[in-house]
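In the numbering used here, the protein residues as written are 15 to 209. Have a look at the structure below before the remarks.
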């Protein structure tokens, strides 16, 4: 069994493809030991690290357009259209209010500090605080106030955050970039060991 550091990039709804990547790795006997993600990658990665990916997948497959509308708590603040509290609280009900330190694998969510214009790595504290900061897509979600800073979507500065995995002691690092063109023909994947 090969150990993997998995980097899950941003990509909005395309980020649901991360679920398929994780399933493929598990089915082919790869053991994910660490996850670094931003935006939707932070969300899917955190839910996987909490061992609740199956429950999340069932929930997301059953959600309707009306359900989505009821999860949007409109913000009257000019910094974003949606507060995001309803979505996060729904996910906490589904997954649990978990601390990153209590996860069975290493997890880092990437956000961006609006005022300092720098990347922020969140790898401790409440997992859904980290996720909420990382998914704060500008003009859609309001920024998330965390440790004295207003944080927004990590994909703004780093859509595929590989650096948090540099010190991992794993066999390979796999980075998933959802920003490329769609491939319509099947491809063969060969992994090159990084260590």
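Ideal Cβ placement from N, Cα and C applies to all residues, glycine included.
Three-way DSSP call (helix, strand, coil) for residue i in this model
i, result
"residue 180", "coil"
"residue 188", "strand"
"residue 72", "helix"
"residue 17", "strand"
"residue 209", "Residue placement at residue 209 is poorly supported in this model, since its pLDDT is 46, which falls under 50; the coordinates still yield a value, given next. Residue state, collapsed to three classes: coil."
"residue 114", "helix"
Member of the options whose CA lies at the smallest distance from the CA of residue i
i, options, result
"residue 66", "135, 82, 36 and 52", "36"
"residue 163", "138, 125, 109 and 190", "125"
"residue 130", "165, 48 and 198", "165"
"residue 64", "23, 47, 76 and 78", "47"
"residue 28", "198, 191, 199 and 200", "191"
"residue 118", "195, 62, 127 and 54", "62"
"residue 194", "23, 17 and 19", "23"
"residue 17", "73, 200, 110 and 182", "182"
The alpha helix (DSSP H) enclosing residue i, as first and last residue numbers
i, result
"residue 25", "Per DSSP, residue 25 belongs to no alpha helix (DSSP H) and is neither H nor E."
"residue 148", "141-148"
"residue 31", "31-41"
"residue 132", "Here residue 132 belongs to no alpha helix (DSSP H); instead the beta strand (DSSP E) covers 132-136."
"residue 100", "99-109"
"residue 80", "79-84"
Beta strand (DSSP E) segment containing residue i, residue limits
i, result
"residue 165", "163-167"
"residue 126", "120-127"
"residue 60", "It is not in any beta strand (DSSP E) - residue 60 instead sits in the alpha helix (DSSP H) that spans 54-63."
Same chain only: Cβ atoms within 6 Å of residue i, ignoring 5 sequence neighbours per side
i, result
"residue 50", "21, 122, 175, 178 and 179"
"residue 141", "60, 112 and 114"
"residue 257", "A question about residue 257 goes unanswered here, because the residues of the chain that appear run from 15 up to 209."
Contacting residues, own chain, Cβ-Cβ under 7 Å from residue i (five flanking each side not counted)
i, result
"residue 71", "33"
"residue 172", "52, 124 and 133"
"residue 143", "160"
The ligand HEM heavy atom lying under 8 Å from the CB of residue i
i, result
"residue 84", "Judged by which ligands are present, the structure shown has none, so any question about the ligand HEM falls away."
According to DSSP, residues forming a beta bridge with residue i
i, result
"residue 51", "22 and 123"
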